[in-house]
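Some notes on the structure that comes next.
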Amino acid sequence: MGNTIRALVAFIPADRCQNYMVRDLREMPLDKMVDLSGNQLRRVPVHVCSFQQLAKLYLSDNHLNSLPPELGQLQNLQILALDFNNFKALPQVVCTLKQLCILYLGNNKLCDLPGELSLLQNLQTLWVEANYLTQLPDVVCELSLLKTLHAGSNALRLLPGRLRRLRELRTIWLSGNLLTDFPPVLLHMTSLEVIDVAWNSIRYFPSLAHLSSLKLVIYDHNPCRNAPKVAKGVRRVGRWAEETPEPDPRKARCYALARQESQEAQVPALPPPLPPTNS
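The sequence shown runs 1 to 279 under full-length UniProt numbering.
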């Protein structure tokens, strides 16, 4: 039934479709969250941008390729989901949302990220998986508080050495890229807890035993000749990982993601709103 309704709505002109889907969104939600995912939207309803205390905005799985400049009014926004849309470039207005902690950009058509993304110095989680990235944008290395980077299913062949500047990075997901060597920069990032390089073309793994924070390394579906050496207690998923049957890679990823999401759920409380100014 749901698919039938969505198919019918697709024939309604864009403006009427949006009014139909968001007709009840006329006041600021009590939970400071608006979820317009999967609504066939081609434009963001501008009146949503008037909810200036909004903390979470989900616009996933629509037909968006641009955002209204009014989105810049949402200066308290901490989570913005733009995944599964048609963005070929990240709208500049996103880079003005300086309280963002989590930004979902996966499954779009992005070939690069703007340098202005460095203004998001509170960003802790960035999802750019399943885009058209042939190299990791340099600006990612300027996000000093970044803890989680999802960059799988792109066309990355290497990682920049500047990535080691991200001293807070804990998890990096690189599965489904074009890596032929294990990225050397990761060997210098001793704070990493999760490394996923599955589904690449890595033939040899250096020792990871010196990465004292490492808890999980996923390297299955590589044409490797050896398993990476790890410290005691570190979980490995891939060929020759353990003498006992190795864990299911999907379960390992789900475990890591669940742990990560539980941490992300603890979004810091919003500061009290500033008093209005007379201009």
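Every residue gets a Cβ at the ideal spot worked out from N, C-alpha and C, and that includes glycine.
Distance between Val-94 and Phe-205, taken at the CA atoms: about 38 Å. Straight across, the Cα-Cα distance linking Leu-117 with Lys-32 is about 24 Å.
Taken atom to atom, the span from the alpha-carbon of Gln-75 to that of Ser-207 is near 44 Å. Restricting attention to Thr-134, Leu-211, Ser-175 and Asn-200, the CA atom closest to the CA of Leu-192 is found in Leu-211.
A direct Cα-Cα distance of roughly 14 Å separates Pro-223 from Asn-177. Of Arg-164, Leu-126 and Gly-152, the smallest CA-CA separation from Thr-134 is found for Gly-152. For the set Leu-113, Pro-91 and Leu-169, the Cα lying nearest the Cα of Asn-131 is the one of Leu-113. Per the coordinates, the alpha-carbon of Leu-105 lies some 32 Å from the alpha-carbon of Ala-227. Nearest in C-alpha terms to Pro-68, of all of Leu-77, Tyr-58 and Pro-91, is Pro-91. For Val-93, the three-state secondary structure derived from DSSP is helix. Beta-bridge annotation (DSSP): Thr-171 is paired with Thr-148 and Val-194.
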